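Heads up, the thing below is written out as structure tokens.
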Amino acid sequence: MSMRVVAVLLVLTACEGAEATDAEVCRDVVRRLCSSRCEAADAKLGLTIDSNCTAQLTAASGCGSDDFKFESRSAFLSCRLPIIRAGDNVDQVPSCDDVDDMLRGCPSLVQFYGGR
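Note that my numbering has the sequence shown beginning at 2, numbered continuously upward.
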């Protein structure tokens, strides 16, 4: 088998696996927002230094339940693109610039997560 065929097969199989549920995707965004704790984003989301970020954003969004469903999954996935720009690994912490881009580009996310 040629190296070119092997490379194509690796790329095609890299995306295998079960699709994340809406609740998992929503909670992943909460985790990324709370791991970066950017001052401007915190202000938009109504978070303070003493806030339990994860609890507050999960409660506001309703995605603590495994049965959670987005009104529009594709819109949410498009909105979160800036915070996975640096990498989609679950341990990747987005930069504050990327978080700001996401919230500025999709103001509906601010409301979704209980902000103003």
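Note that beta-carbon positions come from the ideal geometry of N, C-alpha and C, so glycine has one too. Just so you know, these numbers come straight off a predicted model, no measurement behind them.
| Item | Value |
| --- | --- |
| Simplified DSSP state of L48, which is helix, strand or coil | coil |
| Member of C107, D102, R86 and D68 whose CA lies at the smallest distance from the CA of R28 | D68 |
| Residue interval of the alpha helix (DSSP H) (run including Q112) | P108 to F113 |
| Proximal residues to D92 (C-beta, below 8 angstroms), its chain only, five neighbours per side dropped | none |
| Distance CB(G116)-CB(P83) smaller than 8 angstroms | no |
| Exposure label - T59; buried when at least 16 CB within 10 Å | buried |
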